[in-house]
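So the structure is just underneath, and the comments pick up after that.
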Amino acid sequence: MRIGHLKRFLLLFLWLGVSASVLAQEQVPQVPVVIPVAVETGPEDALNRGTPRGSISGFLEASSQFDFDMAAQYL
Numbered sequence: 000m001r002i003g004h005l006k007r008f009l010l011l012f013l014w015l016g017v018s019a020s021v022l023a024q025e026q027v028p029q030v031p032v033v034i035p036v037a038v039e040t041g042p043e044d045a046l047n048r049g050t051p052r053g054s055i056s057g058f059l060e061a062s063s064q065f066d067f068d069m070a071a072q073y074l
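Under numbering that gives the first Met the number 0, the first residue of the sequence shown carries the number 0, and numbering increases by one thereafter.
Right, here's the structure in full:
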């Protein structure tokens, strides 16, 4: 019976050693892959209204200079 306990103790000791070494391995962090997204621009025109940002910035620029005829073209 004493040999049975010794085998259990050795198997437990071996199992703890293996599990500790598995947990001690360095884990490589997963780096997310960033895929650049192409920005779709609209048709080119003289007022740079190809994107909503261009339209709004042009409108604000024209209205801040009190050029309301030009600002109306951005709407």
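Glycine residues also receive a C-beta, built at the ideal position from the N, C-alpha and C atoms.
On a predicted model such as this, the values are computed, not experimentally measured, just so you know.
Check: residue i C-beta below 6 Å from any heavy atom of the ligand SAH
i	result
D68	In the structure on display, the ligand SAH does not appear, and there are no ligands present to speak of.
Residue i (DSSP reduced to helix, strand or coil)
i	result
V36	coil
V30	coil
L74	coil
Neighbourhood of residue i by C-beta, 6 Å cutoff - its chain only, sequence neighbours within 5 removed
i	result
Q64	none
Nearest to residue i (by Cα), restricted to the options the options
i	options	result
F58	V33, L15, M69	M69
8 Å CB neighbourhood of residue i in its chain, flanking five on each side removed
i	result
E43	G49
* Asked: Where are the alpha helix (DSSP H) runs, 4 residues long or more, that stay fully inside the region 42-70, in chain order?
  -> Here the runs fully enclosed are 51-63.
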